[in-house]
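Residue 74 is where the sequence shown starts when you use my numbering, and the numbers rise one by one after that. Data block below; observations after.
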Amino acid sequence: MELIPVREGDVQCMVSKTDASLHFPPGSGQVFYNPRMVFNRDMTILMMKALQPGSYLDAMGASGIRGFRVAAECGIPVTINDHNPVAVDLITKNSRLIPGRIEVTCRDANALMHERHFHAVDLDPFGSPVPFLDAGLTSALQYLFVTATDTAPLCGAHKKAGIRRYNAIPGNTEYHSEVGLRILLGCVARKAAQYDLGINPLFCFARQHYVRLHCSIRKGAKRADTTLFNLGFVYHCYSCMYRMEEQGFFPSVPVCPYCGSKLEPIGPLWMGQTNDPLSLAAVREQIKHSALSSPLQTERLIDLLLQELPMASFYDYHHLARKIRISPAPVDSILDALQRRGYLASRVHYTGTGLKTNAPMHEILECIRV
Ligand code: SAH
């Protein structure tokens, strides 16, 4: 295995030289390191600095870079695990040069998480985190962090796979990235409730080809009930793009009040807030004390999350403009026009052409024409 040095945040270590595809099949003897996920790891560092939990498990360590950074940059005792002995060998060698308290284990992540508790548990596998959610929820005393890179099933491009894996209907709409984030949160919420646990999303976002969740976990049947109350559906009209949101566990079958088409349910989704403003403010505060790959993008993400309205779907104004065959006004003037009419309107972090508003469709279209 060819090794190269990398520097991420305050940490320097050796990683396996990645090939162009950035993917090593399991059992290839290689150790995965993806430089494109540095932003994802940066966000974990900010969250950990803000939360300061007593211990942290990097359940799928690969190169161990995430755990090393938590140990060195946040001063939190970490356990870095991987079931691949080649990875564990590399993690062990690197760990000797990293400041902080680092334990290295070579276990199946599910077995380890069923045996031991950690204040924060981080699941960052290849693809779907679903096979690890039960054990992760069992192990986490306070926080569960999850990355999902299987955005095709989550966001509706592979609908049947999405239904099988997440027990929810994704629906391929222009707000598929938001649907993906909320389907994953909904799935974590339903699993948590099975164990009498409630979840509270603290800092969750979708970016490029992944969804990242940072949630707090608390024990209690009442909290689990409250968590389930956050589930619901978006009903989407594929003819005119009208959508309606409804909280509840089972879908009704309403009709589009604008064009009379049958509305198709998307969900069950998490309908509650996807970020906690206080946690975001705490994360934002850590930016200036951290060695981040892109501080400006980080600030921009957090500011977008802070202003994003709490509804569960967004409009893509380019999409709407194409539908009515006009070239749209700039997004700021659309938002301004909607607000002047007394509606709530915000940008979204999912895409630069997205907007959220409680205005009815005909008013949105009028404002796009301005
Ligand atoms: N978290 C890493 C990337 C992880 S890649 C980072 O931030 O860079 C996924 C890793 O999970 C691989 O190294 C793989 O060996 C490991 N893995 C997959 N299934 C596992 C399991 N059941 N138990 C432990 N490790 C597992």
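The C-beta atom is built at its ideal place from N, Cα and C for all residues, glycine as well.
Compute every distance between the C-beta of D155 and the non-hydrogen atoms of ligand 1, then say whether any falls below 8 angstroms. yes
Just grab the DSSP bridge partners of R139 for me. BP columns for R139 are empty, so no partner.
Supposed contact pair L196 and M121 - C-beta distance, whole angstroms, cut 8 angstroms: In fact, because the Cβ distance is near 15 angstroms, the residues do not count as touching under 8 angstroms.
Do you know offhand how far T426's Cα is from D389's? 5 angstroms
Please classify N107: does DSSP put it in a helix, a strand, or coil? coil
Exposed unless 16 or more other CB atoms sit within 10 angstroms - verdict on R169: exposed
Would you kindly work out how many angstroms separate the C-alpha atoms of P274 and K361, rounded to a whole number? 24 angstroms
Is the beta carbon of P126 closer than 9 angstroms to that of A193? yes
Taking the Cβ atom as the reference point for each residue, do V252 and C228 lie within a distance shorter than 9 angstroms? yes
Rounded straight-line distance, which links the Cα of V261 to that of D269: 12 angstroms
Let me check you understand the geometry: is the CB of V104 closer than 8 angstroms to at least one non-hydrogen atom of ligand 1? yes
For L124 and G259, believed in contact at Cβ under 8 angstroms, the rounded distance: Their Cβ separation, rounded to whole angstroms, is 23 angstroms, which puts G259 and L124 out of contact at 8 angstroms.
Give me, in chain order, the residues of the same chain whose beta-carbon lies closer than 6 angstroms to that of V88; leave out the 5 immediate sequence neighbours on both sides. V79, Y106, S136
Run the CB neighbour count on I399, radius 10 Å, all protein chains shown included, and call it buried at 16 or more, exposed below. exposed
Looking only at C-alpha atoms, which of R238, K233, F191 sits nearest to Q215? F191
Going by other Cβ atoms of all chains shown within 10 Å of its Cβ, with 16 needed for buried, is S406 buried or exposed? exposed
Just to confirm, does R136 get its C-beta within under 8 angstroms of one of the non-hydrogen atoms of ligand 1? One point to set straight first is that residue 136 is Ser, not Arg, in the sequence displayed. Yes, ligand 1 has a heavy atom inside 8 angstroms of this Cβ.
Going by DSSP in three states, T28 sits in which element: helix, strand or coil? Shown here, the chain extends from 74 to 443; a query on residue 28 therefore has no answer.
Tell me whether A132 counts as near ligand 1, meaning its Cβ is closer than 8 angstroms to at least one heavy atom of that ligand. yes
Is there at least one non-hydrogen atom of ligand 1 closer than 8 angstroms to the beta-carbon of A193? no
Closer than 8 angstroms to a non-hydrogen atom of ligand 1 - does that hold for the CB of N107? yes
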